[in-house]
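Working notes, structure below.
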Amino acid sequence: DPAWSNLVHDKDRLLITSSDSGYINTDLKYQWYKLCKAQPWCPWGKRPTMPTADHHSSNESVEMSAEMEADEAYLSGGPGHSTHLLQDLDQRGGPIQHFKEILGNLICHSYRVHGSLSRARIAQAVELAYVLSCSPAVCAYSAIKVGWGEDENGLLTYEPLACPHIVD
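Numbered by this note's numbering, the letters in the sequence shown go through residues 382 to 549 in order.
Right, dumping it as structure tokens:
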């Protein structure tokens, strides 16, 4: 649903891509990198940078790696299976945890009430759990937990090293 982007204040600096299947691949990621790099506000290719990413296989195409090296954009990522420290959705008390808990409760309740579960009822439960688990309060909590915040002027800041659970 593209309507979520209405919550983004600086849409001129937001570049989103998706494939027909909904999954990212190396070609799509490389095209996205080139599009980002062409933007006047993006430092890639203009000065040395160290963008961070997970270790998804889409970050490892030979073409993209070679271009990033030429651009002095040295992609860094943490050790495998550690990205949960910096990902909003994965935080304890974040949307994924809420989704699982709410969905479990809805499924149990629906089963107790109806005695069986149709695909339609399961789909309803999933949709409701998704909506309830991605509330502004839950999303804000998990964003703060990974280091996002606001400065005194209301501008977005990112300081993950200020979070003790990340550094310790």
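The beta carbon of each residue, even a glycine, is placed where N, CA and C say it ideally should be.
It should be emphasised that the depicted structure is a prediction, and the values quoted were computed from it without experimental measurement.
Item	Value
Since Thr430 contacts Ala454 with CB under 8 angstroms, what's their CB separation in whole angstroms?	5 angstroms
Is the segment 399–414 touching the segment 431–450, taking contact as three or more C-beta pairs under 8 angstroms?	yes
Evaluate Asp401 with the Cβ neighbour count: other Cβ atoms within 10 Å of its Cβ, from every protein chain shown; 16 or more gives buried, anything less gives exposed.	exposed
Kindly list the residues whose CB is nearer than 7 angstroms to the CB of Phe480, restricted to its own chain and excluding five residues on each side of it in sequence; keep chain order.	Ala510, Tyr511, Ser514
Secondary structure at Thr538, three-state DSSP: helix, strand or coil?	strand
Can you tell me whether Asp469 is buried or exposed, with buried defined as 16 or more other CB within 10 angstroms of its CB?	buried
Does the distance between the C-beta of Glu441 and the nearest non-hydrogen atom of the ligand SAH fall short of 7 angstroms?	Inclusion of the ligand SAH in the displayed structure is not the case, the ligand content being empty and no account of it being possible.
Answer yes if the segment 516–528 comes into contact with the segment 470–490, meaning at least three C-beta pairs across the two stretches below 8 angstroms, and no otherwise.	yes
Pick helix, strand or coil for Ala447, following the three-state DSSP scheme.	helix
Given Trp529, which residues of its chain have a CB within under 6 angstroms of its CB, disregarding the five upstream and five downstream residues?	Tyr539
Taking the alpha helix (DSSP H) that Glu508 belongs to, which residues open and close that run?	500–514
Could you check if Ala543 is buried or exposed, using at least 16 other CB atoms within 10 Å of its CB as the buried criterion?	exposed
Can you check which of these residues, Leu466, Leu416, Gln478, is closest to Met449 by C-alpha distance?	Leu416
Would Val414 be called buried (16 or more neighbouring beta carbons within 10 Å of its own) or exposed?	Looking at the sequence provided, one finds Tyr at residue 414 rather than Val. That one is buried.
Assuming Trp413 is part of the alpha helix (DSSP H), what are its boundary residues?	407–418
Shortest alpha-carbon distance to Lys526 belongs to which of Pro541, Ser516, Pro517?	Pro541
For Ser457, which of helix, strand or coil comes out of DSSP?	strand
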